[in-house]
Amino acid sequence: MSATAAQPETIASPPVIHNCPNCSHWLPDGTLACPDCQTLTYGEHLTELAMSAQELEQQQKWVAARDRWKMALLWLPQETRQSVSIQAHIAELDGRLRAEEDTKAKWTKRLGPFAPVALFLIKAKSYWFLIFKLKFLVGFLAYFGLYWVAFGWKFAVAFMLTLTLHEMGHYVAVKRRGWKVDLPMFLPGLGAYVRWQGKGATVEDLAEISLAGPLAGFAVALVSYGIFFATHSPFFHLMAYLGAWINFVNLFAAVLPFIALDGALAAFALSRVQRALIAATSLIFFGLTVSQNVDGDLSGPHTRWSFLIIGGSMAWRAMGRDAPEQGSGKIFALFQGLVVALGVLMLASAIPGM
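Quick note: the sequence shown uses my numbering, first residue 329, plus one each step.
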């Protein structure tokens, strides 16, 4: 097993040399090349800087490599061929960095909020390993295999696509804020999560990031329903219903001992009144589905009881003591909109018996 040592941020300056390393001629302070034999005074230090810069280039750390080459220029007389060669190489690195910045700006403008994901893919050198990283890939395959064995491959594909795109909604929301975020982690049979770090994150930031998952999931489910409506494909029917149901369930607002779903985290930004209004909306959906089911409606128990569970959990949070006096109007509108949109889509795409 081999390991590459981390490059130091800086390389210490060498002690002042007063005698030429080759001919021992006495040299005054600041002499960079011996006037007698033309030997570079700080040749060993220059070799160390050059090797360090080349290693940084192999790691594609272009900015650090350029800075290391600039450090080397300080220990070379300007008229030497080595100095001219390094200056030309620095110009090449500057051109590479400008080209990368131009590419980043172009794709950021074209892709909007999805630019962080696209730029991540562009930078990946080892396509499958760096995109799916080992923990991500192992968790994904284990989760997929579990649902394939239990419910068949079509259900497994639909479920994993829905879950993965939901988690990527969180990922993109964190990336847009410039914070550190890992690819989703899948826990077979339990769920998935995205680990991130955001210095100075507010309650509203937490709520927006939490609701970004259901929002992305709703978009995927809506597109799937559109395809189903046009083609009557059973697979996209399943994708639409699963997408709506999974993302609606994630709006569960109660804080559990070991896990908090998206709705529970987002509720911290809502006042008591806002929580009560969201609870009422979900409970109204429950009442409508129960009455319609008596008349032969196709919505199954998963649909009906989901409304009751979400409404009941938010009603419980409305009576809690963790509600701020002034809730976020933006988070309330987003949360309430998701309850209505996902609820309608879940009813529209309902599968008999589910």
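From the three backbone atoms N, C-alpha and C, an ideal C-beta is built for every residue, glycine too.
Cβ neighbour criterion (16 or more within 10 Å) applied to Glu420: Burial call: exposed.
Ordered along the chain, which non-local residues of its own chain (more than five positions away) have a Cβ less than 8 Å from that of Ala340? Correct list: empty, nothing qualifies.
Should His346 be labelled buried (16 or more other beta-carbon atoms within 10 Å of its own) or exposed? Exposed is the call here.
Simplified DSSP state of Ala470, which is helix, strand or coil: Under the three-state reduction of DSSP output, Ala470 falls in the helix class.
By the 10 Å Cβ neighbour count, where 16 or more other Cβ atoms means buried, how is Thr367 classified, buried or exposed? Burial state of Thr367 is exposed, judged by a 10 Å Cβ sphere holding fewer than 16 other Cβ atoms.
Please report the distance separating the alpha-carbon of Leu675 from that of Lys482. Here the C-alpha atom of Leu675 lies approximately 21 Å from the C-alpha atom of Lys482.
Would DSSP call Leu515 helix, strand or coil? For Leu515, the secondary structure class from DSSP, reduced to helix, strand or coil, is strand.
Should Arg603 be labelled buried (16 or more other beta-carbon atoms within 10 Å of its own) or exposed? So Arg603 ends up on the buried side.
Local conformation of Trp313 per DSSP, three classes: Outside the shown range of the chain, which is 329 to 682, sits residue 313, and nothing can be said about it.
Which parts of the stretch 468–554 are runs of the beta strand (DSSP E), unbroken and 3 residues or longer, counting only runs that do not cross its ends? Unbroken beta strand (DSSP E) runs of no fewer than 3 residues, entirely contained in the stretch 468–554, are found at 513–515, 519–521, following chain order.
Check whether the Cβ atoms of Leu539 and Phe663 lie closer than 8 Å to each other. In this structure, Phe663 lies closer than 8 Å to Leu539 by Cβ.
Are the CB atoms of Gly526 and Gly497 within a distance shorter than 8 Å? Not a contact, by the Cβ cut-off of 8 Å.
Take the Cβ of Thr431 as the centre, count every other Cβ of all protein chains shown within 10 Å, and call the residue buried at 16 or more, exposed below. Its Cβ having fewer than 16 others within 10 Å, Thr431 is exposed.
Pairwise C-alpha distance: Ile574 and Leu469: Taking the straight line joining both Cα atoms gives about 19 Å.
Which residue or residues does DSSP assign as beta-bridge partners of Leu368? BP columns for Leu368 point to Ala361.
Out of Glu428, Ile537, Leu670, Phe580, state which residue places its alpha-carbon closest to the alpha-carbon of Ser641. The shortest Cα separation from Ser641 among Glu428, Ile537, Leu670, Phe580 belongs to Phe580.
Bridge partners - Asn578, DSSP secondary structure assignment: Per DSSP, Asn578 has no beta bridge partner at all.
Spatial neighbours of Arg632 within its chain, please: CB distance less than 8 Å, with the 5 preceding and 5 following residues excluded, ordered by chain position. Cβ within range, chain order: Phe614, Thr617, Val618, Asn621.
Terminal residues of the continuous alpha helix (DSSP H) containing Leu670? Residues 657–676.
Under 8 Å: do the stretch 526–537 and the stretch 473–487 share three or more Cβ pairs, one atom per stretch? Taking 8 Å as the limit for Cβ pairs, the verdict is that the stretch 473–487 does not touch the stretch 526–537.
Thinking Ala597 and Glu532 are a contact (beta carbons under 8 Å), I'd like their distance in whole angstroms, please. With 8 Å as the limit, Ala597 and Glu532 qualify as a contact, their Cβ atoms being about 5 Å apart.
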